[in-house]
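Enquirer: Quick one: structure below, then a few questions.
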Amino acid sequence: MSVEKIQLLHDDYIRLTERFKALWTFNQFLRGVYKTFFSSEPGYKLDFNALYEEIRAVAAQMNTSLPEAVAPRLRELWEKLDAFARELRETDRRVSPSFVRRFFEKVRPQDEKIAFHLLRFYFSQAEVDEDVIDKVDFLATVAATGRADPEASLTRPRVAIQKLFESVTAASVWPRLESGMTPPIVRAFDELATDMNRAREFEDLVSERLLNNVRTMKRRVASGLANAEILTAVACCNLTTRSVFHRLYEKEERRLDEATGRITDLERELTRGGEEKASEEFRRFRESRIRYDRQATERNLRAQHIHELKHAISEVLQKFDISGLEAEDIDEALELVEEVEGDEHEAAFWKPAMDRLLGAVELYDDGQGPVRTDISGLSHLKLETWELLAARKTVAAGGEPPSERDRAILQGAILRVKAEQERDALAAPGAASPDL
550 MSVEKIQLLH
560 DDYIRLTERF
570 KALWTFNQFL
580 RGVYKTFFSS
590 EPGYKLDFNA
600 LYEEIRAVAA
610 QMNTSLPEAV
620 APRLRELWEK
630 LDAFARELRE
640 TDRRVSPSFV
650 RRFFEKVRPQ
660 DEKIAFHLLR
670 FYFSQAEVDE
680 DVIDKVDFLA
690 TVAATGRADP
700 EASLTRPRVA
710 IQKLFESVTA
720 ASVWPRLESG
730 MTPPIVRAFD
740 ELATDMNRAR
750 EFEDLVSERL
760 LNNVRTMKRR
770 VASGLANAEI
780 LTAVACCNLT
790 TRSVFHRLYE
800 KEERRLDEAT
810 GRITDLEREL
820 TRGGEEKASE
830 EFRRFRESRI
840 RYDRQATERN
850 LRAQHIHELK
860 HAISEVLQKF
870 DISGLEAEDI
880 DEALELVEEV
890 EGDEHEAAFW
900 KPAMDRLLGA
910 VELYDDGQGP
920 VRTDISGLSH
930 LKLETWELLA
940 ARKTVAAGGE
950 PPSERDRAIL
960 QGAILRVKAE
970 QERDALAAPG
980 AASPDL
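This is the structure:
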């Protein structure tokens, strides 16, 4: 028996056992998904225990038989693994990518090698569709962190991640990219990660199409994810995207909650004012808020859900006709912090404050494009999106609010900013009296 033939036989056996591990892990994963989300078992019947015993038996046979006698047995076992893989893949087609992500988020499996073996399973399947791309994309991000926790951050060096993915993709049957295509693709994902890091407001992720650019690029690369260097760049870009998304979302969540409170007050005042039926804007807002809360509870929140809710909020606060409300109702609905009384004093109070606010908006805001409240010259005012929109319209109208709702929104902003400045001044003894 030649040493070379023995070594080849041993290598074939190692590949056989590695594939068995991947299939067994994938089987356990599918059973976990079905039990967790569907309270049932997958429909297939696969006897992994019997197959395991057959693999053990051939290991013993390798020590006593000639390679020519063992090789056919290895091929037979490989065909059985192919049959098992087809059954598993058929069931996997009924599991959407969102269930893969939700399983990891809900169950938090302790074995960090699970993502590794699941990736190996997908790379052993010749069929590559969008669902498979999405699943590989998520699993690569989990594997890159070295922990099963899908929210974990990157702690291992990039070179170590690439080495891991070289092992994951070694037996891939996906189409291979030409070697010259790899560097520009890797560079493109690194540039997308850099662009993502520059985002300062959640609106940037949507208005500048940052999230969409990352998603589109991954779909275009498709089977190129089987390239370890590209898969590493994708995983690192994903981790950057996730970090930026969470950071900006925390700030956006507070704004959405505050706006929801304002709209609740507005709707209450509308009802108190005698309106029997809430407007269409209020209905759309409630529906958007319900969808948003449901997705947040299921940990399935996406940028489009947040963008949809923000649009519904803007519709209520910008388009809702508040002309029928009494002055005190407007004050309460917009959470104004004080009343300005006396007709002879109103103009003296409002005009200078309004001019200063509009002057800042006219000077620092271009009046077009994405609404940015954090730019230099405006960030200290802490304007809400709808407040800046009302200011834009007023500046375009020559300084006079084009509607009563715009005037009320701007007056509410002025009083809120003034109250915040006075509060800050009180916290700093000896400071000069604040002025908007």
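Just add 549 to wherever you are in the sequence shown, counting from 1, and you've got our numbering. Glycine residues also receive a C-beta, built at the ideal position from the N, C-alpha and C atoms. Quick caveat: nothing in here was measured; it's all calculated off a predicted structure.
Which whole runs of the alpha helix (DSSP H) in the region 691-769 are 4 residues long or more, in chain order?
Expert: Taking only runs of at least 4 residues, the alpha helix (DSSP H) segments lying wholly in the region 691-769 are 707-718, 731-746, 751-756.
Enquirer: Here's the rule I'm using: 16 or more other beta-carbon atoms within 10 Å means buried, otherwise exposed. How should Y671 be labelled?
Expert: buried
Enquirer: If you run the structure through DSSP and keep just helix, strand and coil, what is V677?
Expert: In the three-state scheme derived from DSSP, where H, G and I count as helix and E and B as strand, V677 is classed as coil.
Enquirer: Beta-carbon within less than 6 angstroms of L930's beta-carbon, same chain only, minus the 5 sequence neighbours each way: which residues are those?
Expert: V966, listed in sequence order.
Enquirer: From I710, L907, G948, E750, pick the residue whose C-alpha is nearest to that of I924; which is it?
Expert: E750
Enquirer: From this set, K594, L579, L595, which residue's C-alpha is nearest S588's C-alpha?
Expert: L579
Enquirer: Between V735, L927, Q674, which lies nearest to S721 when the distance is taken from Cα to Cα?
Expert: Selected option, being the one with the closest Cα: Q674.
Enquirer: Which of helix, strand or coil does DSSP assign to T934?
Expert: helix
Enquirer: Are the beta-carbon atoms belonging to P616 and K554 less than 8 angstroms from one another?
Expert: yes
Enquirer: Three or more C-beta pairs closer than 8 angstroms, one from the region 837-851 and one from the region 726-734: is that the case here?
Expert: no
Enquirer: Do I604 and F569 come within 8 angstroms of each other at the CB atom, strictly closer than that value?
Expert: Contact: yes.
Enquirer: Give me the Cα-Cα distance between L912 and L754, rounded to the nearest whole angstrom.
Expert: 25 angstroms
Enquirer: Please state whether DSSP places K594 in a helix, a strand or coil.
Expert: Coil, per DSSP.
Enquirer: Would DSSP call Q659 helix, strand or coil?
Expert: coil
Enquirer: Within its chain, find whatever has a CB closer than 7 angstroms to the CB of A777; leave out the 5 residues flanking it on each side and keep chain order.
Expert: Q711, F714, E715, T718
Enquirer: Is it buried or exposed for D631, if we count other Cβ within 10 angstroms and need 16 for buried?
Expert: exposed
Enquirer: Among the residues of its own chain, which have a CB less than 7 angstroms from the CB of D955, if the five just before and after it don't count?
Expert: A939, K942, T943
Enquirer: Using CA coordinates, which residue listed in R707, K684, E801, T694 is at the minimum distance from R764?
Expert: K684
Enquirer: With T846 as the anchor, note down where its alpha helix (DSSP H) starts and where it stops.
Expert: 829-846
Enquirer: Out of E654, A606, E628, which has the shortest C-alpha to C-alpha gap to T585?
Expert: In terms of CA proximity to T585, E654 leads the group E654, A606, E628.
Enquirer: Taking the alpha helix (DSSP H) that L774 belongs to, which residues open and close that run?
Expert: Careful: L774 lies outside any alpha helix (DSSP H) and carries neither H nor E.
Enquirer: Is there contact between the region 782-792 and the region 688-696, where contact requires at least three CB pairs shorter than 8 angstroms?
Expert: yes
Enquirer: Since D641 is in the alpha helix (DSSP H), which residue starts that stretch and which ends it?
Expert: 616-641
Enquirer: Within this structure, are the beta carbons of L600 and K629 separated by less than 8 angstroms?
Expert: The answer is yes: Cβ separation under 8 angstroms.
Enquirer: Only counting the same chain, and skipping five residues up and downstream in sequence, which positions put a Cβ closer than 7 angstroms to that of F831?
Expert: E816, V865
Enquirer: Thinking just about the alpha-carbon of each residue, which of K859, L907, G947, A664 is nearest to the one in R650?
Expert: A664
Enquirer: Quick check on this structure: which residue in D561, T640, E661, F834 has the alpha carbon closest to the alpha carbon of E625?
Expert: D561
Enquirer: Taking its Cβ as the centre, do 16 or more other Cβ atoms sit within 10 Å of V708, making it buried, or is it exposed?
Expert: exposed
Enquirer: Compare the beta carbon distance of A748 and L797 with 8 angstroms and say whether it is the shorter of the two.
Expert: yes
Enquirer: Does the Cβ-Cβ distance between I682 and K800 come in under 8 angstroms?
Expert: no
Enquirer: With a CB to CB cut of under 7 angstroms and the five nearest residues on each side skipped, what residues in its chain are close to V656?
Expert: G581, T585
Enquirer: So, are the CB atoms of D914 and L937 less than 8 angstroms apart?
Expert: For the pair D914 and L937, the CB atoms are nearer than the 8 angstroms cut-off.
Enquirer: Below 6 angstroms CB to CB, which residues in the same chain sit around H854 once its five sequence neighbours on both sides are set aside?
Expert: Y841, Q844
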